[in-house]
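Heads up, the thing below is written out as structure tokens.
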Amino acid sequence: MSQTSTSNAAGPNPNPNPNPAQASASGEGQGSHRGLITVAIILATIMQTLDSTIANVALPHMAGNLSASQDQISWVLTSYIVAAAIATPLTGWLSGKYGRKKVFMTSVVGFTIASALCGISGTLAEIVLARLLQGLFGAALVPLSQAVMLDINPRHKHAQAMAVWGMAVMIGPILGPTLGGWLTDNLTWRWVFFINLPIGVLSFLGIKAYIRETKTQPELKFDYLGCITLSLSIGFLQMFLDRGELLDWFNSTEIVIEATCAAVSFAYFIVLTATAQGLSFFNVQLLKDRNFVTGLALYFMVGLLLYATRALLPPLLQTLLGYPVVTAGLVIGPSGIGTMMSMMMAGRLASRIDPRALIGLGFCLTALSLWQMSGYTFVMQQSDIVWPGFIQGLGLGFVSVPLTTMTFSTLAPHLRPDGTSIFSLSRNIGSSIGISVMQTLVTRNTGTFHSQLVEHINYANPAMQAGLPWLYNLGTQAGAAALNEEITRQAAFLAYINDFKIMMVATLVSVPLVLLMRRQRGNLGPEVEAHALD
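Be aware that the sequence shown starts at 6, since it is given in the numbering used here, and climbs by one per residue.
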């Protein structure tokens, strides 16, 4: 990802645009083109983030149509996640070598074509291969869109720009399950992918017409060994996290191999980077910026909280509370409304209030919502689900905008392509770890709570004597099975509650990290790398 072969030896790269006046002009004098560019890149962002969750609810329909088992159909998700994770760190180097506009257009075209291939797939192998292509081409869309948004807006408008960009990043995964469920129920699962076609075409036309190419460095060298070791470590880590629960973690030989390969590859990458004399795939200059490093840690937590909650709520509502898919989506949806509202407010308040205070407020609101979720019961109204989700949406919105702004406020413009790709990668890894850990805890704690509840099922218990024999007719095999099913349901519900409590504690523990960030003061230099417009 490093933008130069001598970044470690000679310090940061020179700004590709040596004319500060020209660079500043591109941030100030955008006119109507800034709005058109924003629409084009936001469409690309929504398209990519939507596909991270929209296919989840369609998996049972895909399995039946493609004659695949549960284990086999899970590769539709795994292939996309792994490919996107591997390709994301390449964004900075590709932009420097071939130009941001070329990479952006190629990514949009490739992602759109891959979406069409997913929709017309007739076998499991075809759709898995198409999803691999989707992940490879889509990996650059989010970091490139963020870099462009930072470049086409002057520094004092970065908070508002990140509010708009952040809405696309957050709303995509939130609305994905709802939209995916509606398309699957009313049309077919293939429309989960076909919906990307018009979005991709509009985004491509906007990027081609209005974004100006950045200065390229054709002589830019590439650290192949560093790329291979980092890609292997990320790929094996994603497979380990995505398939661990399905294969019972370290009781599976596959999981042991994936964990070992991930650890060895990452250790080798660390050694290569630390001993590099010039060329290095990872630009170590990024680690010298305290705001950026702290921002990575906090954005990791945002990914964990957002995606883990989105992974837990649908099965809780549908399996344990009996909500239909569409109804579950509707009660979860207000979370997105809360995110949009708080992002718009945060964009306006960031220049008037210390952004660290907004980030702290956001994490506290998120903790409050998780505390409310930990009080869920079997007997509750839909409003009892809507309001905690709405409050969590408010919290994540208040975190996302000032966090993104502060993370890049002290980072040199020429480091943005590398920085945005690593920033996106931190959220992706956070979401993968969060989902895997929380789902594993649900499974294991369900067994633990089941054992604890069973201890109370005996005739010495007054409740047992009063009601259970009549309710379940325990003298029959069917009655005993029904009682066991109810105990399992109660145990699973307690396991979900326990997960919400754990995430609440993790949220509160993250708050002190905000104090490590320093607020930007004064002008730190040119605002953008180069003209983004014609």
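Note that the Cβ used here is the ideal one computed from N, Cα and C, for glycine as well.
Quick caveat, the model's predicted, so the values are computed rather than measured.
Suppose you measure from the CA of residue i to the CA of residue j; what does that come to, to the nearest Å?
i	j	result
Leu99	Trp376	44 Å
Glu218	Ala417	19 Å
Val87	Ser347	32 Å
Leu538	Ala145	The pLDDT assigned to Leu538 is 37, lower than 50, so where the model puts this residue is not dependable, and the model offers no usable value.
Gly186	Pro329	10 Å
Ile507	Ala316	15 Å
Pro517	Ala45	37 Å
Gly205	Gly211	10 Å
Lys162	Leu155	9 Å
Ala152	Ala166	11 Å
Arg39	Ala264	45 Å
Thr43	His455	52 Å
Leu41	Val113	16 Å
Tyr229	Arg105	21 Å
Val510	Thr83	29 Å
Glu460	Ile47	54 Å
Trp170	Ser150	8 Å
Gln387	Thr189	24 Å
Phe505	Thr299	24 Å
Gly2	Leu225	The shown model of the chain, from 6 to 539, leaves out residue 2, and the question about it has no answer.
Pro25	Tyr215	With a pLDDT of only 37 at Pro25, under 50, the local geometry of the prediction cannot be trusted, and no value is derived from it.
Gln27	Ser208	The predicted position of Gln27 is uncertain, since its pLDDT is 38 and thus under 50; no value can be drawn from it.
Thr234	Phe241	11 Å
Gln457	Thr371	31 Å
Leu71	Leu520	51 Å
Met172	Asn489	44 Å
Arg494	Val331	22 Å
Pro203	Gly127	22 Å
What residues in its chain sit with their C-beta under 7 Å from that of residue i, if we drop five residues either side in the sequence?
i	result
Ser429	Thr93, Val147, Pro148
Ser236	Ile91
Asp294	Thr415, Leu416
Ala168	Met348, Met349, Ala351, Gly352, Val406
Leu373	Ile396
Val81	Ala60, Leu64, Met67, Ile132, Val133, Arg136
Ser238	Ala267, Ser270, Phe271, Phe274
Tell me which residues share the same chain as residue i and place their Cβ nearer than 6 Å to its Cβ, disregarding the 5 neighbours each side in the sequence.
i	result
Arg523	none
Tyr312	Ser436, Gly439, Ile440
Gly115	Phe142
Ala4	Outside the displayed range of the chain (6 to 539) lies residue 4, so it cannot be described from this structure.
Val403	Correcting the residue identity first, residue 403 is Phe in this sequence and not Val. Hits under 6 Å: Ser347, Ala351, Leu363, Leu366, Gly367.
For the putative contact between residue i and residue j, defined by C-beta atoms under 8 Å, what is the C-beta separation to the nearest angstrom?
i	j	result
Leu420	Leu292	Wrong, their Cβ atoms sit about 11 Å apart, outside the cutoff.
Ser405	Met175	6 Å
Pro223	Asn61	About 42 Å separates the two Cβ atoms, so there is no contact after all.
Thr451	Ala497	5 Å
Asp423	Asn288	5 Å
Gly334	Gly398	Not a contact, Cβ separation roughly 14 Å.
Gly367	Gly400	5 Å
Sorted by chain position, which residues of the same chain lie with C-beta nearer than 8 Å to residue i's C-beta, five sequence neighbours on each side aside?
i	result
Val391	Val336, Pro339
Gln77	Ala68, Leu129
Tyr501	Leu317, Leu321, Leu325, Tyr381, Val447
Asp359	Arg524
Lys107	Glu218
Ser79	Leu64, Asp247, Arg248, Leu251
Glu259	Arg248, Leu252
Where do the N-terminal and C-terminal ends of the alpha helix (DSSP H) with residue i fall, by residue?
i	result
Phe305	295-320
His461	Here His461 belongs to no alpha helix (DSSP H), and DSSP marks it neither H nor E.
Ile337	330-337
Asn191	163-191
Arg160	Unbroken run through Arg160: none, as it is neither H nor E.
Gln265	One point to set straight first is that residue 265 is Thr, not Gln, in the sequence displayed. Note, Thr265: alpha helix (DSSP H), 258-279.
Arg105	105-125
Gln397	388-414
Arg361	360-378
Gly205	201-215
Gln139	129-143
Asn70	64-71
Gln243	229-248
Asp504	482-515
Val289	Per DSSP, Val289 belongs to no alpha helix (DSSP H) and is neither H nor E.
Val81	80-92
Report yes or no: do the segment 268-277 and the segment 406-419 share at least 3 C-beta pairs separated by less than 8 Å? Under the Cβ criterion (8 Å, minimum of three pairs), the segment 268-277 does not count as touching the segment 406-419.
Given 8 Å as the limit, is there contact between the segment 169-183 and the segment 52-61, that is, 3 or more CB pairs closer than that? Output reads yes: the segment 52-61 touches the segment 169-183.
Does the segment 299-314 come within contact of the segment 431-448, defined as at least 3 CB pairs closer than 8 Å? yes
Per the contact definition of three or more C-beta pairs closer than 8 Å, is the segment 121-137 in contact with the segment 195-204? yes
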